[in-house]
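A short write-up of the structure that comes next.
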Amino acid sequence: MKTQIKHQSYDVAVIGAGVAGITVAQLCARQGLKTILMDPTRDHEGNPLAGGASLLNGCIPAKILLQLSHEYHQLQQGRPGLKTKALELDLATAHAHIDNTIRRISNQITASLSNSGVEFLCASGRLLEGKQIEITALNHEPALITAEHIVLASGSHSMTLPSLPLDGNRVVDPIDAMRFTEVPKTLTVIGAGAIGLEIAGIWSRFGSQVTVLDAQNSLLPFADQEIANEMLASYRRRGIDIRLQAWVKQAKIDGHGVTLTCQYPDQPPSDLYGDKVVVAIGRIPNTETLFAPEVDVVLDENGYVHVDEQCMTNLPEIFAVGDLVLGPMMAHKGIAEARVVADTIAGKAAQMEYTILPSVIYTLPEVAWIGRTEEALVAAGVPHRKSITPFTDNPKALVHGMAEGFIKILAHAETDRILGIHIIGPQACELIAEAVLAMEYSASSEDLADTIHAFPSLSDVLRQAALMLQES
Ligand code: NAI
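Here you go:
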């Protein structure tokens with residue numbers, strides 16, 4: 001059967017319908033460019049899905065289970081004035097809700113693509129020489145198209161450990177870890193990055209005894225270390241056993257679970273048993289099947305597609321965005337890159353700016369930051385002042401019983417310009433938006449301290465922290 005492609009040539013062709021690919025396709029189509037977007041993803045019933053790994057496999061299941069586990073745990077703990085008689089976890093219904101939400105969001109995306117004039121095809125694309133793309137759809141013969149501009153947005157996938165192959169049951173990747181049908185009694189998570197910590201927190205709140213292993217000697221080494229230390233302390237207070245400098249040497253899987261032999265510095269190897277093991281050691285770009293062998297696109301040593309400030313590859317008018325391109329693998333980074341590409345294709349001046357890019361970790365407590373860490377400022381010899389304000393100073397956090405954590409502001413010692421804002425605590429991923437805006441407009445800590453905030457509100461903690469810096 002021939003693929004149902006409307007045209008042989010396009011102004012813009014986008015490979016990959018994750019958030020970055022969708023954004024660039026829509027922006028181009030809305031400018032009147034003839035745009036095609038392709039992605040082979042289907043649900044387990046074979047229906048096409050748009051949204052990509054971040055949205056469909058990452059954000060939706062994780063954020064639903066995150067919220068559910070939080071509420072479950074809170075109700076179990078009890079709140080002053082609220083008694084719960086019987087509380088039952090129904091994971092089957094939670095998974096059905098996840099599936100429905102994925103379908104609903106994917107349908108919304110498909111409708112919105114169609115309204116924007118994007119031709120969306122459930123098919124994979126492979127870049128050939130001469131701005132040609134080979135399109136392969138299920139049960140169809142491959143077809144060829146050409147495009148004036150091509151955007152590569154095929155995303156990334158989880159890395160695996162050669163010594164511990166995934167079996168989809170006892171040893172799983174982060175996607176399958178969101179699909180457990182029962183709460184594992186004991187769970188081992190390998191990798192204490194954003195994804196490993198998120199998974200550890202979810203299943204711990206549902207009742208698993210969780211151990212997290214990480215090979216590095218500090219938690220979240222790229223984050224401000226006062227924030228990372230608080231994260232470590234907070235998880236340990238919750239009974240999550242985080243072990244750093246832990247190397248998995250060997251694994252034995254039997255009918256019940258997995259025994260890992262771990263090596264720690266200056267200690268004899270020791271065994272760790274878990275009903276399930278999640279491997280969350282990072283992600284790598286999906287480039288394996290993206291290019292025909294004769295396509296001479298430059299990749300860096302880690303397999304990322306090399307791009308310039310307009311996200312253009314070494315091949316003229318061929319762009320790459322999102323997880324394919326070096327930088328934090330966060331959806332909002334991909335969206336920002338997509339906007340730069342759409343503007344560049346439209347002939348407008350645009351360039352990617354990575355300094356004002358928020359980092360967020362959806363744990364409980366949440367972690368979010370913008371700008372530079374204290375360690376980076378010290379290393380660069382930048383004169384700075386800092387304040388740390390605990391959430392216990394914020395009345396709204398106190399009345400809601402969620403006053404764990406703090407906010408840290410770093411400002412230039414001479415100009416008072418804000419250099420970094422780091423938050424660990426309730427709603428950190430929401431609160432960071434104001435910090436991003438402040439830094440986008442080069443605000444000083446005095447500007448933030450003078451900004452009137454609603455009282456009582458969690459967001460007032462930013463003003464409180466800035467005021468504390470003024471008074472220090
Ligand atoms: P990661 O790179 O953040 O963390 C992986 C961890 O695994 C590291 O701490 C590393 O030391 C450890 N590790 C690697 N090999 C190991 C081994 N053999 N034994 C023990 N530990 C080992 O990767 P993660 O958490 O999988 O996240 C992938 C990407 O997705 C990141 O770029 C992250 O920022 C991003 N992400 C973004 C989110 C967002 O947009 N909010 C949410 C979740 C993830």
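Mapping to the working numbering: the sequence shown position 98 is 98, numbers consecutive. Ideal placement from N, C-alpha and C gives every residue a C-beta, glycine not left out.
* Proximity below 8 Å, CB of residue 189 to CB of residue 172 -> As a first step, residue 189 must be located in the sequence shown, where it is residue number 189. As a first step, residue 172 must be located in the sequence shown, where it is residue number 172. The answer is no: Cβ separation not under 8 Å.
* Candidates 215, 368, 83, 186: which alpha carbon is nearest residue 274's? -> By 1-based counting over the sequence shown, the position of residue 274 is 274. For the residues 215, 368, 83, 186, the minimum Cα distance to residue 274 belongs to 186.
* Which class does residue 273 belong to by DSSP, given the choice of helix, strand or coil? -> Locating residue 273 in the sequence shown gives position 273, counting from the first residue. Residue 273 falls in the strand class under three-state DSSP.
* To do: With DSSP as the reference, label residue 207 as helix, strand or coil.
  => Counting from 1 along the sequence shown, the entry for residue 207 is found at position 207. Coil at residue 207, not helix or strand.
* Reduced DSSP secondary structure (H/G/I, E/B, other) of residue 251 -> To locate residue 251, count along the sequence shown from 1; it is residue 251. Of the three classes helix, strand and coil, the one that applies to residue 251 here is strand, per DSSP.
* Taking 7 Å as the cut-off, does the CB of residue 352 come closer than this to any heavy atom belonging to ligand 1? -> As a position in the sequence shown, residue 352 is number 352, starting the count at 1. Not under cutoff, so the answer is no.
* Asked: How close, in whole Å, do the beta carbons of residue 138 and residue 290 come, if the pair is a contact with beta carbons under 8 Å?
  -> On the sequence shown, residue 138 is found 138 positions in, with the first residue counted as 1. On the sequence shown, residue 290 is found 290 positions in, with the first residue counted as 1. Going by Cβ atoms, the distance from residue 138 to residue 290 rounds to 18 Å, so no, they are not a contact pair.
* To do: Pull up the distance between the alpha-carbon of residue 45 and that of residue 64, whole angstroms please.
  => The residue you call residue 45 lines up with position 45 of the sequence shown. The residue you call residue 64 lines up with position 64 of the sequence shown. Cα to Cα, the separation comes out at about 22 Å.
* Which value, in whole angstroms, describes the spacing of the CA atoms of residue 214 and residue 243? -> Taking the first residue of the sequence shown as 1, we reach residue 214 at position 214. Taking the first residue of the sequence shown as 1, we reach residue 243 at position 243. Taking the straight line joining both Cα atoms gives about 6 Å.
* Taking residue 70 as part of the alpha helix (DSSP H), name the residues at either end of that continuous run. => As a position in the sequence shown, residue 70 is number 70, starting the count at 1. 60 to 77 is the extent of the alpha helix (DSSP H) around residue 70.
* Closest by CA to residue 284, which one among 324, 222, 420? -> Position 284 of the sequence shown, counted from the first residue, corresponds to residue 284. Taking only the C-alpha atoms, the option nearest residue 284 is 324.
* To do: Tell me whether residue 436 sits in a helix, a strand or coil according to DSSP, three-state version.
  => Along the sequence shown, one-based indexing puts residue 436 at 436. Of the three classes helix, strand and coil, the one that applies to residue 436 here is helix, per DSSP.
* Identify, in the order they occur along the chain, each residue of the same chain with its Cβ nearer than 7 Å to the Cβ of residue 354, setting aside the five sequence neighbours on each side. => Your numbering for residue 354 matches position 354 in the sequence shown. Around residue 354: 327.
* Asked: From residue 115 to residue 36, what does the alpha carbon distance come to, in whole angstroms?
  -> To locate residue 115, count along the sequence shown from 1; it is residue 115. To locate residue 36, count along the sequence shown from 1; it is residue 36. So the two alpha carbons sit approximately 13 Å from each other.
* Close-in-space but distant-in-sequence residues of the same chain around residue 259 (CB under 6 Å, 5 per side omitted) -> Your numbering for residue 259 matches position 259 in the sequence shown. Excluding positions up to five away in sequence, the list reads 252, 271, 273.
* **Residue burial classification, residue 82 (beta-carbon count within 10 angstroms, cutoff 16)** => Taking the sequence shown and counting its residues from 1, one reaches residue 82 at position 82. By the 10 Å Cβ count, residue 82 comes out exposed.
* **Check: residue 362 C-beta below 7 Å from any heavy atom of ligand 1** => Walking along the sequence shown from the start, residue 362 turns up at place 362. Yes, the beta carbon of residue 362 sits closer than 7 Å to at least one heavy atom of ligand 1.
* Would you list, in sequence order, the uninterrupted beta strand (DSSP E) runs of no fewer than 3 residues that lie entirely inside the region 112 to 164? => 119 to 121, 124 to 128, 132 to 136, 143 to 152, 156 to 158
* Which of helix, strand or coil DSSP assigns to residue 171 -> The residue given as residue 171 occupies position 171 in the sequence shown. Note: residue 171 maps to strand in three-state DSSP.
* To do: Can you tell me which of the three DSSP states residue 83 falls into?
  => Taking the sequence shown and counting its residues from 1, one reaches residue 83 at position 83. The answer is coil: DSSP assigns residue 83 none of H, G, I, E or B.
* **Cut-off 7 Å between Cβ atoms - residues of its own chain near residue 170, not counting five sequence neighbours on either side** => Walking along the sequence shown from the start, residue 170 turns up at place 170. 253, 257, 258, 276, 277, listed in sequence order.
* Asked: Pick from 280, 161, 202: whose alpha carbon is nearest that of residue 180?
  -> For the purposes of this step, residue 180 is taken as residue 180 along the sequence shown, with counting starting at 1. Out of 280, 161, 202, 202 has the C-alpha closest to the C-alpha of residue 180.
* With 16 other Cβ atoms within 10 Å as the buried cut-off, status of residue 38 -> Taking the first residue of the sequence shown as position 1, residue 38 is located at position 38. Answer is buried; the Cβ neighbour count reaches 16.
* Cα separation between residue 295 and residue 336? -> Here residue 295 is taken as the residue at index 295 of the sequence shown, counted from 1. Here residue 336 is taken as the residue at index 336 of the sequence shown, counted from 1. So the alpha carbons of these two residues sit roughly 27 Å apart.
* To do: Return yes when at least one heavy atom of ligand 1 lies under 7 Å from the C-beta of residue 241, else no.
  => Your numbering for residue 241 matches position 241 in the sequence shown. It does not: the Cβ of residue 241 is nowhere closer than 7 Å to a heavy atom of ligand 1.
* Asked: Is the beta carbon of residue 263 sitting closer than 8 Å to the one on residue 247?
  -> The residue labelled residue 263 in the question sits at position 263 within the sequence shown. The residue labelled residue 247 in the question sits at position 247 within the sequence shown. Taking 8 Å as the Cβ cut-off, residue 263 and residue 247 qualify as a contacting pair.
* To do: May I ask you to check if the CB of residue 283 is nearer than 7 Å to at least one heavy atom of ligand 1?
  => Indexing the sequence shown from 1 puts residue 283 at position 283. Indeed, a heavy atom of ligand 1 lies less than 7 Å from the Cβ.
* C-beta atoms of residue 360 and residue 311 nearer than 8 Å -> Residue numbering aside, residue 360 sits at position 360 when the sequence shown is read from its first letter. Residue numbering aside, residue 311 sits at position 311 when the sequence shown is read from its first letter. No, Cβ-Cβ distance for residue 360 and residue 311 is not below 8 Å.
* Taking just the CA atoms, how far does residue 131 sit from residue 320? -> The residue given as residue 320 occupies position 320 in the sequence shown. The residue given as residue 131 occupies position 131 in the sequence shown. In a straight line, the C-alpha of residue 320 is about 14 Å away from that of residue 131.
* Asked: From which residue to which residue does the beta strand (DSSP E) around residue 342 run?
  -> Translated into the one-based positions of the sequence shown, residue 342 becomes position 342. First-last for residue 342: 331 to 345, but that is the alpha helix (DSSP H), not the beta strand (DSSP E).
* **Burial state of residue 392 (16 or more Cβ within 10 Å)** => In the sequence shown, counting from the first residue as 1, residue 392 sits at position 392. With fewer than 16 other Cβ atoms within 10 Å, it is exposed.
* To do: Answer yes or no: do residue 29 and residue 129 have a C-beta to C-beta separation smaller than 8 Å?
  => Along the sequence shown, read from residue 1 onward, the residue named residue 29 stands at position 29. Along the sequence shown, read from residue 1 onward, the residue named residue 129 stands at position 129. For residue 29 and residue 129, no; Cβs fall outside 8 Å.
* Asked: Taking C-alpha atoms, which residue in 452, 109, 153, 224 lies nearest to residue 125?
  -> As a position in the sequence shown, residue 125 is number 125, starting the count at 1. With distances taken between CA atoms, residue 125 lies nearest to 153 out of 452, 109, 153, 224.
* Mind checking whether residue 206 and residue 72 have CB atoms under 8 Å apart? -> Indexing the sequence shown from 1 puts residue 206 at position 206. Indexing the sequence shown from 1 puts residue 72 at position 72. Yes. Within cutoff.
* Asked: Do the CB positions of residue 425 and residue 406 come within less than 8 Å of each other?
  -> Here residue 425 refers to the residue found at position 425 of the sequence shown. Here residue 406 refers to the residue found at position 406 of the sequence shown. Contact: yes.
* Under 8 Å between C-beta atoms of residue 410 and residue 374 -> Within the sequence shown, residue 410 is the residue found at index 410, counting from 1. Within the sequence shown, residue 374 is the residue found at index 374, counting from 1. Going by C-beta atoms, residue 410 is nearer than 8 Å to residue 374.
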